[in-house]
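Since the structure comes first, as C-alpha cells, the remarks are kept for the end.
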Amino acid sequence: MLALPFVGAAAVPFVYRVLGERTAYVAALVAAACFGLVGYLTAGPTGLVSWQWIDAPGFTVTLSFYVDGLSLLVGFLASGIGVLIFTYSGGYMHDEPGKLKFYATLLAFMGSMLGVAFAADLVALFVFWELTSISSFILIGHYTGSESSQYAARKSMLITVAGGLFMLVGFLLLYTISPAVTDSGTATFLLVGPDSLTAHADGVRAALEAKGLFVPTLVLIGIGAAAKSAQVPLHIWLPNAMEAPTPVSAFLHSATMVKAGVYLVGRFRPLMGTEEWQLLFVVMGLVTMTIAAMLAVAASDIKELLAYSTASHLGLIIAGFGIVGAKAGTYGAETGAFHILNHAAFKAALFLVAGIVAHEAGTRMLDDLGGLWRDLPIAAGVAFVAALGMAGVPPFNGFYSKEFLFEATYELAHASGGLWWLLPVVAVFGSVFTFLYSIRFLMLFFGEKPDELGHVHTPPWTMRAPAVVLAIVAGIIGIGGILATVGVHIDPLEHFVQRVVDSASMHGGEAAAHGAEAATESHGFSYHLPTSPKPAAIMSAVTIGVGIVAYQFYGQLRDGIRWLRSIPVLSANWYYDSIVEGVDRSRLIESTIQTGLLRTYALALFLAVSVMTLAAYGATAVQLPAFTEFAVAVPMAIVLLVAVVSALAVTRAPSHIAGVLTLSILGFMVAIFYILSDAPDLALTQLLIETLVLVLFLLVLDKIPAFYGETRKLLLARDAVVSGIVGITVFLTVLVTTSANPSNRIANFFLDRGGVPGEHGAWILDHGGGANIVNVILVDFRAFDTMGEISVIAMAALSVITLIAMRERGETG
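Per this note's numbering, the sequence shown starts with residue 42, numbered consecutively.
In C-alpha cells form, the structure reads like this:
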C-alpha cells in the first residue's frame with residue numbers, strides 16, 4: 042500500500058508520454074488500489090509490523106507500521122479522497138501547465154501521507170512527515186512564474202519544516218528516557234505497539250517529569266502539530282497556500298496534510314495526556330477555532346474563506362483531543378475522531394465546489410459572485426449539504442461532532458470550575474463566526490446574480506462527480522443521526538469511529554461515552570439528534586440563533602475585522618515578514634560572495650568546510666598520532682622536495698601557462714611518490730589524470746588573457762590565509778584518518794575474499810575470483826558504486842549530446 046503511490050509517481054513520466062492528461066485517471070486507479078488495501082487492513086486485527094532499518098552500535102531504528110482505528114481513518118482519507126481528487130483533476134487541469142510534475146508530486150504526497158498515518162516508529166514518522174512538507178512545497182509553488190505562488194511555497198516550507206524540526210527534538214528527548222521504561226531496557230523510537238513508548242505511558246511521563254523534560258517535550262511536539270495543522274499563530278501559511286491549484290487545496294489543505302498535525306495530537310494523547318497537555322491543546326485549539334473563524338468572515342476570496350475555515354475546524358479537533366479525563370475526555374476523543382471524518386467530507390466538497398465556481402465563473406472574489414444555483418445546480422446542492430454541515434446546523438454531519446465538543450467543554454468546566462467556564466463560552470463564540478462564514482459561502486448560489494458575471498459554463502462530470510460523492514458521504518452521516526434518534530444505527534460507521542476513539546483514548550482513564558445524548562451499551566460510540574434540552578443542545582441553539590441575528594450585520598463585522606487585521610502588531614503575517622526579512626541576509630551574501638568570480642566561490646566553500654572540520658576536531662578532542670620511527674628514503678625525500686618547490690613556484694608564475702606547467706610538475710611528483718610507495722595502479726591513474734588535466738588547461742588557456750595582471754596585496758594575503766587553513770585542515774585530516782589501526786581491518790576481508798578459493802564449484806559467489814585486488818574491489822565488492830559512477834557519466838554524456846543537438850533551438854536560434 043505504501044509503495045504503490047511512490048511507484049506510480051516514478052512511472053508518471055512514462056505514462057504521461059503515452060496517455061497525456063489522461064494520466065489523472067491512472068493516478069486515480071493507484072489511489073483506488075491503496076483505498077482497497079486500507080479496506081483490507083480494516084478487516085484485520087490491530088497490530089504492528091517491523092523491519093530492521095538502521096542497526097548501529099547503541100542505536101537501532103526499525104521501519105515500523107501500526108494498524109489501528111486512527112491510522113485507518115487517515116489512510117482512508119488519504120486514499121479515498123485521493124481517488125476523487127485525481128478524477129477531479131482530469132477536468133480541472135485540462136488547460137493548466139506542468140501536469141506531469143503535478144500528478145507525480147501528488148502521488149508522492151499521497152504515499153507520504155499514508156506513511157505518516159501508519160508509521161509506528163518516530164524516525165519513520167518524521168521522515169514521512171517531512172516528505173509531506175517537501176511535496177506540499179512543490180505543489181503550492183506549482184505556478185513557478187508567479188511571485189505570489191513562490192512566496193506561498195516558501196512560507197509553507199519554512200513554517201512546516203521548522204515545526205517538524207522542533208518536533209524532532211521532542212522525539213529525541215523521548216528516545217533519551219526510553220531505556221528507563223522499556224521491558225528490554227534498551228532505547229527505542231517505537232511509539233505504538235508492544236514494548237513501545239505508549240505501552241509504558243505512565244513510565245514515560247514519570248521519567249520525563251523526573252528530569253524536568255515533560256513540559257519541554259510537550260511544547261516541542263505541540264509546535265510541530267501546530268505548524269502542520271495551521272494553529273494560531275502558525276496558521277498564516279495556509280491562506281497563502283491557496284495559490285496552489287484547487288485540487289491541491291482540496292486534497293492537501295482540507296482533507297489530508299493539515300490533518301497530520303491533529304493526527305499527531307491524537308496519536309500522542311494516550312502517551313502524554315495530562316493537565317499540562319490539556320491546558321496547552323485546549324487553549325491552542327479554541328483560540329485557533331475562534332480567531333480563524335473571525336478571519337474567515339473577513340475573507341474576500343472563496344478559497345481564502347475556506348482556508349481560514351480549515352484552520353478553525355482543525356482547532357476544534359485539537360481542542361477535542363486536548364481534553365482529557367473521564368467523562369469530558371471521552372467526549373473530547375469522540376470530538377477529535379468524528380470531526381476528522383466530518384470535516385474531510387464537507388471541506389473537500391466545498392473546495393471542489395470553489396474550484397468549479399472559479400473555473401467556470403472566472404473569479405473567486407466573494408463580492409463578484411451570487412445567484413449561481415441556476416447555472417450550477419449540482420454544485421449548489423453539494424454546497425447546501427456541505428456548507429450547512431460546516432455551519433453545524435442539524436441534522437447535517439458537522440452538527441454532531443460539534444455537539445461532542447460542546448459536551449466536552451461543558452463537562453470539563455463543570456468538573457473543574459473557575460476559569461474553565463470560559464471554554465464553553467469561547468466554543469459558542471467561535472461557532473457563531475463559523476455559522477456566519479458558512480452561510481456567506483452558501484449565498485454564492487442564492488440571492489441576486491451580478492450583471493457583470495455573465496454566463497457561467499457547466500463543468501464536466503469529472504469535476505462534478507467527486508463533489509457529489511463527498512456530499513453523499515456527508516449526507517449519509519447526517520441521516521445516520523436522524524435514524525439513530527429513532528433507534529436505527531449505522532453500525533459499520535459507529536463501530537469504525539469507536540475504533541478511532543479507542544486509538545486516541547487514555548488507557549484506563551476514559552470509558553466509552555454513549556453518544557451526544559445517550560446510547561445503548563451495545564453500540565459504544567453513537568450519535569443522534571438531541572432529544573432533551575441538555576447543555577450541548579442549548580449551546581447549539583444559541584450558536585444558530587445568534588448567528589442568524591448577526592448575519593444581518595455581516596458587512597459591518599467583516600469591515601471591523603479587516604480593520605483590526607490591518608493593524609501590523611495584530612497581524613501574524615507582519616511578524617513573519619519582519620522576521621524573514623530580518624534574518625534574510627541574501628543581499629549581503631550576494632555582494633560578498635556572489636561576485637561572479639570563481640576564486641570567491643572556491644574561497645567561501647573551502648573556508649566553510651575547513652572551519653567546520655577544525656571545529657569538529659576541537660569539539661571532539663581528537664588525538665593526533667605520535668611521530669615515532671619517522672624516516673624517509675633519499676629518493677622519496679627528493680621527490681617530495683621537488684613537489685614542495687613546484688607548489689611554491691606556482692605562486693610566483695608570471696602567466697597562466699607557466700602556472701599550469703609548474704602545477705603539472707607537482708602532479709607528476711605525486712605519481713612518482715606512488716611508484717616509490719609500491720602503488721603502481723595509483724601512479725598510473727595519477728599520470729593519466731594529470732596528463733588529461735594539463736591538456737584541458739592548455740586548450741582553455743588559449744581563450745583567456747596570457748597574464749594575470751595586477752592583484753591587490755590585501756586580496757593576496759586573504760587568499761594566502763585561507764589556503765593555509767585549508768592546508769592545515771587536510772594535513773590534520775590525513776593524520777587523524779590514518780592513525781587508527783583496528784585489528785579487524787576491512788582490507789583483510791578484501792585480501793581474503795578477493796582471489797580464487799582453493800576449492801570451489803562452477804559458481805564463485807563468496808569470493809571475488811580475481812588476481813588484481815583493486816580491480817576486484819571496483820567491479821565486485823563495490824560493484825553498485827562503480828555502476829552508479831558509470832551511470833552518472835552516461836547521464837552527463839547524454840546531457841552534453843542534448844545540449845549540442847539543441848544549440849540552434851534557443852533564443853538566438
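A virtual CB, placed ideally from N, CA and C, is assigned to each residue, including glycine.
No experiment lies behind these values; they were computed from the predicted model shown.
Across the set N785, L312 and A247, the C-alpha of L312 shows the shortest separation from the C-alpha of V365.
Relative to I634, the option among L723, L648 and V652 whose CA is nearest is L648.
Residue burial annotation: H498 is exposed, with fewer than 16 other C-beta atoms found within 10 angstroms of its C-beta.
Beta-bridge analysis with DSSP links T217 to no other residue. Rounded to the nearest angstrom, the Cβ distance from W414 to F486 is 4 angstroms, consistent with a contact under 8 angstroms. The three-state secondary structure of M484, taken from DSSP, is coil.
Here F322 really is in contact with G263; their C-beta atoms are around 7 angstroms apart, less than 8 angstroms. A direct Cα-to-Cα measurement between R405 and G829 gives close to 49 angstroms. Rounded to whole angstroms, the gap between the alpha carbons of D807 and S784 is 22 angstroms. For F55, the uninterrupted alpha helix (DSSP H) segment begins and ends at A44 to L60. Selection S718, I706, L717 and L756 evaluated against T732 yields I706 as nearest (Cα-Cα). In the DSSP assignment, L611 falls outside any alpha helix (DSSP H) and carries neither an H nor an E. The closest CA to that of G519, considering only A432, S457, P98 and L737, is found on A432.
S237 sits buried, since 16 or more C-beta atoms from the chains shown fall within 10 Å of its C-beta.
From the listed residues Y595, G528 and R481, the smallest Cα separation to T572 is found for G528. CA-to-CA, the gap between L494 and A395 works out to about 16 angstroms.
Our two residues, K754 and T669, have alpha carbons roughly 41 angstroms apart in a direct line. Residue state for A420 is assigned as helix, using DSSP reduced to three classes. Approximately 6 angstroms separates the beta-carbon atoms of G205 and W170; this is inside 8 angstroms, confirming the contact. Between K388 and the set V514, Y107, R786 and A97, the nearest pair of CA atoms involves V514. With a threshold of 16 other beta carbon atoms within 10 Å, D416 meets it and is buried. In the structure shown, F106 falls within a strand segment according to DSSP collapsed to helix, strand and coil. W615 is not bridged by DSSP to any residue. Excluding five sequence positions before and after F437, the CB atoms of its chain that fall closer than 6 angstroms to its own CB belong to L429, G430 and G519, given in chain order.
Here L757 is exposed. Its C-beta has fewer than 16 other C-beta atoms within 10 Å.
I713 counts as buried, since no fewer than 16 other beta carbons sit within 10 angstroms of its beta carbon. I95 sits in a strand when the DSSP states are folded into three classes.
E250 is positioned such that its CB atom lies no closer than 9 angstroms to that of A369. As the crow flies, the alpha-carbon of T331 is around 38 angstroms from that of P138. Restricting attention to E849, V398, D760 and E188, the CA atom closest to the CA of L639 is found in D760. For the set A52, S112, P798 and L82, the Cα lying nearest the Cα of L147 is the one of A52. Listed as beta-bridge partners of D342 by DSSP are M406. Counting C-beta pairs closer than 8 angstroms gives three or more between the segment 103-111 and the segment 228-235, which meets the contact rule. In the DSSP assignment, M283 falls outside any alpha helix (DSSP H) and carries neither an H nor an E.
Around the beta carbon of V685, a 10 Å sphere encloses fewer than 16 other beta carbons of the protein chains shown; the residue is thus reported as exposed. Between G244 and A221, the C-beta spacing is below 9 angstroms.
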